[in-house]
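Colleague:
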Amino acid sequence: MATSEKGILNRLYVVAACMFIFAIGVGVKLLDIQFVEGDYYRNLAEERTVKSFKIPASRGNLYDTNGNLLATSVPKYDIRFDAVTVSDKNFQENIVSLSNNLSEMFGKSAAYWSQRLRQARANGQRYLPIAKNLGYSEYMKVKSFPMFNLGAYRGGIIVEQRTVREHPLGKMGERTVGYERQDENGYFTRVGLEGAFSSYLRGTDGRRLKQKIAKGQWKPISDNNEVEPKDGYDVVSTIDVNIQDIAHHALLKQLEHFEADHGTVVVMETKTGEIKAMSNLGRTEEGTYFEKRNYAVYESHEPGSTFKLMALTAALEDNVIDTSSIIDTEKGVVRYYGRPVRDSRRGGYGKISAARAFEVSSNTAFTKMITEGYKNNPAKFVERLYDMGLNEKIGLDIKGEGSPRIPHPDDKSWNGLSLPWMAFGYGVSLTPLQTLNFYNAIANNGEMVKPRFIKEVKEWDKSILKVEREVMNPRICSPETAKKLQKIMKHTVEKGTATNIYTPNFSMAGKTGTCQVEYWIEPGRYISSFAGYFPAEDPKYSCIVIIHKPNRRIGYYGNIVAGPVFKQIAQKIYTDTPVMDTLPSLEVKNNKVIDDFEAYYTSFENEKPVMPDVTGMPAMDAVSLLENLGLKVNFNGTGKVRSQSISAGQKIETNQQVKLNIS
1 MATSEKGILN RLYVVAACMF IFAIGVGVKL LDIQFVEGDY YRNLAEERTV KSFKIPASRG
61 NLYDTNGNLL ATSVPKYDIR FDAVTVSDKN FQENIVSLSN NLSEMFGKSA AYWSQRLRQA
121 RANGQRYLPI AKNLGYSEYM KVKSFPMFNL GAYRGGIIVE QRTVREHPLG KMGERTVGYE
181 RQDENGYFTR VGLEGAFSSY LRGTDGRRLK QKIAKGQWKP ISDNNEVEPK DGYDVVSTID
241 VNIQDIAHHA LLKQLEHFEA DHGTVVVMET KTGEIKAMSN LGRTEEGTYF EKRNYAVYES
301 HEPGSTFKLM ALTAALEDNV IDTSSIIDTE KGVVRYYGRP VRDSRRGGYG KISAARAFEV
361 SSNTAFTKMI TEGYKNNPAK FVERLYDMGL NEKIGLDIKG EGSPRIPHPD DKSWNGLSLP
421 WMAFGYGVSL TPLQTLNFYN AIANNGEMVK PRFIKEVKEW DKSILKVERE VMNPRICSPE
481 TAKKLQKIMK HTVEKGTATN IYTPNFSMAG KTGTCQVEYW IEPGRYISSF AGYFPAEDPK
541 YSCIVIIHKP NRRIGYYGNI VAGPVFKQIA QKIYTDTPVM DTLPSLEVKN NKVIDDFEAY
601 YTSFENEKPV MPDVTGMPAM DAVSLLENLG LKVNFNGTGK VRSQSISAGQ KIETNQQVKL
661 NIS
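Numbering-wise, the UniProt record's numbering puts 32 at position 32 of the sequence shown, and it's gapless, one number per residue.
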């Protein structure tokens, strides 16, 4: 018995000892939690109920060169109601007047709003949606409503602010204006001007404390932010909205007419390198067009005959030929290793000068000129191109610039066809902007300036940064060579492949280009292009137009597809001056109209203009022309003008009536 009692006591002692040790452990842990790890657990508890949220800064505005908005940040507000935090007294005193105000502003009856608010309070709802996407003035009005004007806790109003980026130009120039986006992993995608200059536009984010009120629902602790966001700087770009509009619509019209796959236009100010317009349009499956990709910047492709300017520049600089050197086009076909090089004109051009070979874009003349001039040292030709910077990227601010490709004899891919094919733009690759940059340098007498997209970074009226003109290469060729090339390009428009866009009313210079693309897939796919500048005598703007894969049944030559876009852009830019308001339509091919315009300009000496002959012109062009002369035009129908009520050559008065008979 004694033994049994002793065993029980021993067990009790063991249990008591264990409990004592456990109690000591609990006490130690409590002390540890309280004094050692207390801050950690208190912060953890607070994080689960109170959290700091990021308030995105408002991005700065993006302007065009004249101060027109290209992109701006607009605050949007979502309003919700916490039906629990409001006292009974405040709720009952304000529910009727609040319902009336909500009804007046957002529609639906006051009874609807009253029932909704009361039901939310009965259900203990703390995140009742009231309104979304309010502007600032609307938000301030809602904030002043009865009960809501008591604030977040006494009035139950929950305000969530977002910033929305808006583009006044809409879809026009969308890829040029661009965007900055962040995915769920924190990676940024930066496109166009918005992406290139995001470091200036972005600003500094703020912070705001919110308290968790339900699963996934957070309510601001106060109406004030813990850290106020700092808005981004404003950026003034070089884009001119008016020129952008001209370029966009001229390109769109031509793409639609020729059912092309995609196209791009860039207009650059010759002396400064400022990009005034850049339009990139791609075709959808439905046959419409939108700003799909920035083809001008990223798409590197074979330039075709526009590369003949680079080839001729190299040959002139190396004294391989002169503009007067005679070349036999050999009936329009020459062969290299069994592969033919053909001229677009059947039978060729006979024996012509190097200058004339450029004007008529003779492939045979150019391939003979370059092959015979550099056959013993092809590296000399390629390295001359390298010296002119054609193998290097421009280094644009806009991301995604395509890489140029100018093969070298040391490359493994070099073969016997490389040199003759390079002469007329095959086997090489350039982006549209890289090609334009070279043409612009020739217009600048050999000085290559870097294309640029911004002029200034500002904080309100204070200038933070001014972007100056940057010279990439002070002399890609001698001034003498540049002058020769300028004359030849002017003749290309006046009496070469681009005579279809010639007009005596303003001068242009440039080069057409037509090259096959994806010829390894199927024949009949072309790139049509035109690069040049205007005016020819004192260049102010350079421009390139490239249209990919037009419907060849409608047309595919560069002068037919791309040339008219260049002319329309030049013409409409010229119409900014009063005298040039009277330019004829792009489509006019009536010599009588041209003669009448010369008579019209001469008539300014007598102060009264004369009536031009508009018969045969498209109705819309005739109306535009006559209205620019100050006439009031009456007409019906569409088509071409059959007759006019005022005879050609007759002096006209301002606001005089003229009637057109339209076919």
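Even for Gly, the Cβ is constructed at its ideal location relative to N, Cα and C.
When the Cα atoms are used, what is the spatial distance from S507 to K490?
Modeller: Roughly 8 angstroms between the two C-alpha positions.
Colleague: Assuming V428 and F534 form a contact by the criterion Cβ under 8 angstroms, report the distance between their Cβ atoms to the nearest whole angstrom.
Modeller: Actually they are not in contact, since the Cβ atoms of V428 and F534 sit about 26 angstroms apart, beyond 8 angstroms.
Colleague: Bridge partners of K76, per DSSP?
Modeller: Answer is R162.
Colleague: So, for T435: in the same chain, excluding its five sequence neighbours on each side, which residues have a beta-carbon less than 7 angstroms away from its beta-carbon?
Modeller: Answer for T435: P303, T306, A531, I544, listed in chain order.
Colleague: Given a threshold of 16 other Cβ atoms within 10 Å of its Cβ, counted over all protein chains shown, does K484 qualify as buried or as exposed?
Modeller: So K484 ends up on the buried side.
Colleague: Where does I246 land, buried or exposed, given buried means 16+ other C-beta within 10 angstroms?
Modeller: With 16 or more Cβ atoms within 10 Å of its Cβ, I246 is classed as buried.
Colleague: For S279, is the classification buried or exposed, using 16 other Cβ atoms within 10 angstroms of its Cβ as the cut-off for buried?
Modeller: Counting Cβ neighbours within 10 Å, S279 comes out buried, since at least 16 surround it.
Colleague: Determine the contact status of K369 and A315, defining contact as a CB-CB distance below 8 angstroms.
Modeller: A small fix is needed here, since residue 369 is Met in this sequence, not Lys. It is a contact, given that the beta carbons lie within the stated cut-off.
Colleague: Looking only at its chain, what residues have a beta carbon closer than 6 angstroms to the beta carbon of M472, apart from the 5 residues adjacent to it on each side?
Modeller: Correct list, in chain order: M448, K450.
Colleague: Let's test the definition: count the other Cβ atoms within 10 Å of the Cβ of I464 and tell me whether it reaches 16, buried, or not, exposed.
Modeller: By the 10 Å Cβ count, I464 comes out exposed.
Colleague: For K276, which residues of its own chain have a beta-carbon under 8 angstroms away from its beta-carbon, when the five flanking residues on both sides are left out?
Modeller: Hits under 8 angstroms: T65, T238, I239, D240, I243, Q244, V267, M268, E269, Y541.
Colleague: Contact defined as beta carbons within less than 8 angstroms: I believe K519 pairs with L417. What is the distance between those atoms, to the nearest angstrom?
Modeller: Note that residue 519 corresponds to Tyr in the displayed sequence, not to Lys. With 8 angstroms as the limit, Y519 and L417 do not qualify as a contact, their Cβ atoms being about 14 angstroms apart.
Colleague: Please list the segments of the beta strand (DSSP E) lying wholly inside the segment 341-397, counting only runs of 3 or more residues, in order along the chain.
Modeller: Here the runs fully enclosed are 351-353.
Colleague: Give the range of the alpha helix (DSSP H) segment to which Q125 is assigned.
Modeller: Neither: Q125 is in no alpha helix (DSSP H) and is coded neither H nor E.
Colleague: Using beta-carbon positions only, say whether G206 and G192 come within less than 8 angstroms of one another.
Modeller: Taking 8 angstroms as the Cβ cut-off, G206 and G192 do not qualify as a contacting pair.
Colleague: Out of Y426, H167, P504, point me to the one whose CA is closest to L69's CA.
Modeller: Checking every option, the nearest Cα to that of L69 belongs to H167.
Colleague: Taking Cβ positions only, does T189 come closer than 8 angstroms to chain B?
Modeller: Absent from the structure is chain B; it holds one protein chain and no more.
Colleague: Please determine, among T514, I546, K549, V565, the residue with the shortest C-alpha to C-alpha distance to Y557.
Modeller: Nearest of T514, I546, K549, V565 to Y557, Cα basis: T514.
Colleague: Name the one or two DSSP bridge partners that I406 has.
Modeller: Paired residue(s): none; I406 is not in a bridge.
Colleague: Alpha helix (DSSP H) containing V100: first to last residue?
Modeller: Position check: residue 100 holds Asn in this sequence, whereas Val was assumed. It spans 88-106 - the alpha helix (DSSP H) in which N100 sits, taken as one unbroken run.
Colleague: DSSP beta-bridge partners for M448?
Modeller: Answer by DSSP bridge pairing, in chain order: N473.
Colleague: For a quick check, are the C-beta atoms of R432 and I527 less than 8 angstroms apart?
Modeller: According to the sequence as given, residue 432 is Pro; it is not Arg. Not in contact: P432 and I527 (Cβ atoms no closer than 8 angstroms).
Colleague: Terminal residues of the continuous alpha helix (DSSP H) containing Y439?
Modeller: Note, Y439: alpha helix (DSSP H), 432-443.
Colleague: Comparing C-alpha positions only, which one of T492, F81, I569, S362 sits nearest to G332?
Modeller: When each option's Cα is compared against that of G332, the closest is S362.
Colleague: Using the Cα positions of R11 and I24, report the straight-line distance between them to the nearest angstrom.
Modeller: Cα to Cα, R11 sits roughly 20 angstroms from I24.
Colleague: If you draw a straight line from the C-alpha of P523 to the C-alpha of G616, how long is it?
Modeller: Roughly 38 angstroms separates the two Cα atoms.
Colleague: By a C-beta neighbour count over all protein chains shown, 10 Å radius and 16 as the cutoff for buried, is I130 buried or exposed?
Modeller: Looking at its Cβ environment, which holds 16 or more other Cβ atoms inside 10 Å, I130 is buried.
Colleague: Looking only at its own chain, which residues have a Cβ that is under 6 angstroms from the Cβ of L419, when we skip the five neighbours before and after it?
Modeller: For L419, where only same-chain residues beyond five positions count, the Cβ hits under 6 angstroms are T371, P378.
Colleague: For the alpha helix (DSSP H) containing D234, list its first residue and its last residue.
Modeller: D234 -> not in any alpha helix (DSSP H); beta strand (DSSP E) instead, spanning 234-237.
Colleague: Between the alpha carbons of M611 and K640, how many angstroms are there, rounded?
Modeller: Going by the C-alpha atoms only, they are around 17 angstroms apart.
Colleague: Would you list, in sequence order, the uninterrupted alpha helix (DSSP H) runs of no fewer than 4 residues that lie entirely inside the segment 261-319?
Modeller: Fully enclosed alpha helix (DSSP H) runs of 4 or longer: 295-298, 308-317.
Colleague: Please determine, among I21, E259, N133, the residue with the shortest C-alpha to C-alpha distance to K549.
Modeller: K549 has its Cα closest to that of E259, out of I21, E259, N133.
Colleague: By Cβ distance below 6 angstroms, which residues in the same chain neighbour N365 in space, the five residues on each side in sequence not counted?
Modeller: Reading off the sequence, residue 365 comes out as Ala, not Asn. Excluding residues within five positions, the ones whose Cβ falls inside 6 angstroms are I327, T329, A357.
Colleague: Count the CB pairs spanning the segment 492-503 and the segment 564-573 that are closer than 8 angstroms, and state whether there are at least three.
Modeller: Touching, yes, given that three or more Cβ pairs across the two stretches are closer than 8 angstroms.
Colleague: With N634 as the anchor, note down where its beta strand (DSSP E) starts and where it stops.
Modeller: From DSSP, the beta strand (DSSP E) with N634 extends over 632-634.
Colleague: DSSP on R525, reduced to helix/strand/coil?
Modeller: Three-state DSSP puts R525 in coil, outside helix and strand.
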